[in-house]
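Input: a single structure, listed below in structure tokens.
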Amino acid sequence: MTGSDVDRSWTEHEAKFSPPQRFELPDLTEFGAGEAETRVLDATYHDCADLLLLRAGITLRHRTGDGGPRWTLKVPDSVDGAELVRRELIFPGAAGQPPAAAVDLVRAHLRGRALAPVAALRTVRTRIPLRGNGETPLAEVVDDLVTATRGGRPVAAFREVEVELLTELPVAHRLLDEVVDRLVHAGCLLRSAQPKLVRVLGAAPPQPPAPRSGGKHPTVREAAQQAFARSAAALVRHDLGVRLGEDPEAVHQFRVAARRYRSDLRTFAPVLEADWRAHVQAELGWLSAQVGPVRDDDVLVQRLRRQARSLPACDAEAVELLLTELCAHRARARERMLDALRGTRYDRLLDSVENPRLTEHTGQLDELVASQWKRLARVVRGTSAEPANQEFHRIRIRTKRCRYAAEAAYGRHNARLARALARLQDVLGDHQDAVLAESWLRSMAQALPQCAVAAGELLALQRGERARCRVEWAAAWQDAVHHYRHR
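Following our numbering, the numbering of the sequence shown begins with 1 at its first residue and continues without gaps.
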């Protein structure tokens, strides 16, 4: 899956209304309303038999009547009040089987489940463009008359009014808010932000039920349930962004979710079935090995681009050659990662992380945090007066595990400790990034002699960064010690 498999994509912002009977749209002239245009749209929605995609807020449809036949995948981004924000991706193609590229994007949800038509909608749409004070449309009001069938039988008929942005400009967002107010004052009822298909099938798309909370004092088992549920949901949520490959942050958050889950397996070992824990620990290690090289290259690209701005202009060509080599390495790592994410091994791993096997435990959460802290403190005490790079790396790993344990526990004292550990982790992470960058630059100085001077200058910046971190880490550690002692 690459960006080239998608014909178009953007973020959709819209507000939906249920107009009362005999409702007439108010005069929208002051918003730069253009001439109304009416079209007939025919859409067929595809989902699993149990509406798995819809329950996750996702819709996949094939539609004709507006710009030619095409498939549209809509994935929820956020809900801001009554405004529904979704990522919309367009794939060209005729009706029938959904495009493989679209199915791949929702694989983390499907995991081998079959898709089939679940409803057909015919929409008589009247569209009114809104230009504000300019010439270019900023938003549009659409007045839809919808009839729906399922299995050839009529199941719903309704009218819906929408206001949708056509651009991300701030002036367009202000225009949307003003038009929403006008429609509300005219008597149009602002609906909860849900896709049309929800109205047709009569079921809201609930998220998976959250684990039962133990309030301010949850048991270890309850805290484990909530921690695992958050990380499992984050893996699925960021999977699509990883596959699209447009934003490095998606890979970052995906790897964080996997690492946090692995860390929580250690923290909550007393309430986990041992065989299940060992299996998932190994499988998450496998997943991290697929994703890690891509994320490491992303970090290195961003780091070198930022640092290269301080180099003389005469080094620009050599720096670009270095970055080209690095990006090619990342592209190969990304292909290996995607191959792994398209396999049944990954599907089964997602099944496992969503269904942790818990046992009973009578201990306290603070005891688990204390256990992780003792391991961290023991590693710190065992370091040299001038810690080697590998010693810093071990401290960083232990810091991360202790931080995740504190975040999974409850109480302000643990939250303060987690924040202090996050600051320590940042310093140690910067040090590790510099170590990895230095190693890569040394290898490139040998492989690409014409880049040796630029690589040497960048190497010097890495050494400076490591020196800074070595000064700052002791203070960050003492701050963490302070917060632990005052828990």
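Heads up, the beta-carbon is just placed ideally off N, CA and C, and yes, glycines get one too.
Looking only at T64, G112 and G96, the smallest Cα-Cα distance to T123 is reached by T64. Short of 7 Å from the beta carbon of G132, and not among the five residues preceding or following it, lie these beta carbons of its own chain, in chain order: F31, G32, L138, V171 and L175.
Beyond the five residues adjoining it in sequence on each side, E37 comes within less than 6 Å, by CB distance, of R127 in the same chain, given in chain order. The stretch 389 to 401 and the stretch 427 to 438 touch, with no fewer than 3 CB-CB distances between them shorter than 8 Å. Boundaries of the beta strand (DSSP E) around D42: E37 to D47. Per DSSP, R468 is one residue of the alpha helix (DSSP H) stretching across A452 to R485.
Inter-residue distance for A223 and R153 is about 47 Å (C-alpha atoms, whole angstroms). Per DSSP, L311 lies in no alpha helix (DSSP H) segment and is marked neither H nor E. Within a 10 Å sphere around the beta-carbon of V471 sit fewer than 16 other beta-carbons, which makes this residue exposed. For E222, the three-state secondary structure derived from DSSP is helix. For A139, the enclosing beta strand (DSSP E) begins and ends at A139 to R150.
Around the CB of A119, 16 or more other CB atoms lie within 10 Å, so the residue is classed as buried. Here the alpha carbons of A331 and S439 stand approximately 20 Å from one another.
Bridge partners of K16 according to DSSP: E162. Cβ-Cβ separation between A15 and E88: approximately 16 Å, too far for a contact (criterion under 8 Å).
Residue environment: D177 is assigned as exposed (fewer than 16 neighbouring CB atoms within 10 Å of its CB, all protein chains considered). By the neighbour-count definition (other C-beta atoms within 10 Å, threshold 16), V106 is a buried residue. According to the DSSP assignment, I90 belongs to the beta strand (DSSP E) that extends over E83 to P92.
Note on G57: 16 or more other CB atoms within 10 angstroms of its CB, so buried under the neighbour-count rule.
Looking at the DSSP output, L189 shares a beta bridge with S18. Comparing alpha-carbon positions, the option among L51, R403, E367 and E407 lying closest to L110 turns out to be L51.
Partner residues in the beta bridge of W10, as assigned by DSSP, are E88. Positions of the alpha helix (DSSP H) runs, each at least 4 residues long and wholly inside the stretch 374 to 438, are given as 389 to 408 in order along the chain. Looking at the backbone, the Cα of V161 and that of S18 are separated by about 6 Å. DSSP, read as helix, strand or coil, puts H62 in strand. As computed with DSSP, A120 is found in a beta bridge with T44 and T149. Under the Cβ criterion (8 Å, minimum of three pairs), the stretch 300 to 314 does not count as touching the stretch 397 to 404. Put simply, of S352, I90, S443 and E465 the residue whose alpha carbon is nearest the alpha carbon of T11 is I90. Counting C-beta pairs with one atom in each stretch, the stretch 401 to 413 and the stretch 371 to 385 have three or more that are closer than 8 Å, which means they touch. Minimum Cα-Cα distance from V146 among the listed residues G343, P195 and A186 corresponds to P195. Around the beta carbon of P92, a 10 Å sphere encloses fewer than 16 other beta carbons of the protein chains shown; the residue is thus reported as exposed. For the options D5, L265 and L197, the alpha carbon positioned closest to that of L121 is the one of L197.
For E24, the closest C-alpha among the options F268, V141 and L54 is that of V141. In the three-state reduction of the DSSP assignment, D27 falls in the coil class.
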